[in-house]
Amino acid sequence: MNVHESALPWTSDLRVRLDELLDEHRAMLHDSLDGLTEEEARRSLVPSRTTLLGLVKHVTGRGPRALWAIYAHMLRELAQHCGHADILREQVLAGRE
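What the sequence shown shows, in my numbering, is residues 13 to 109, in sequence order.
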């Protein structure tokens with residue numbers, strides 16, 4: 013057995029876990045729109061003009077990921093966007109009061 017053959021199970025498991033993490037963060041980001049009107053989802057509340065809907069659209073439609081560097085980048089980016097979505101959602105909901 014060569015080095016590449018012994019690494020295959022670990023690599024396969026890692027790829028599955030990375031896919032799970034990406035899907036989990038995409039779902040978290042999508043869930044930030046729950047209960048909001050379209051106007052609220054499109055509301056720009058920060059100087060960068062970022063909106064909740066814009067964040068969700070930004071991460072949808074990404075094609076197949078072939079390189080591990082892309083996985084790491086996507087996971088980091090999605091995690092950051094989830095934090096941004098939390099802040100924007102808090103502002104939208106605070107505006108309801």
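Every residue, glycine too, gets a C-beta built ideally from N, C-alpha and C.
message = Let's test the definition: count the other Cβ atoms within 10 Å of the Cβ of residue 49 and tell me whether it reaches 16, buried, or not, exposed.
response = Counting Cβ neighbours within 10 Å, residue 49 comes out exposed, since fewer than 16 surround it.
Cβ-based burial, residue 97 [other Cβ within 10 Å; buried from 16] = buried
ask   = What number of angstroms, rounded off, separates the C-alpha of residue 52 from the C-alpha of residue 34?
value = 25 Å
message = Can you tell me whether residue 101 is buried or exposed? The criterion is at least 16 other CB atoms within 10 Å of its CB, across all chains shown.
response = Buried: at least 16 other Cβ atoms inside 10 Å.
Beta-carbon gap between residue 94 and residue 26 smaller than 8 Å = In this structure, residue 94 keeps its C-beta atom at 8 Å or more from the C-beta atom of residue 26.
key: Rounded C-alpha distance that separates residue 87 from residue 108   = 32 Å
Helix, strand or coil at residue 52 [DSSP, three-state] = helix
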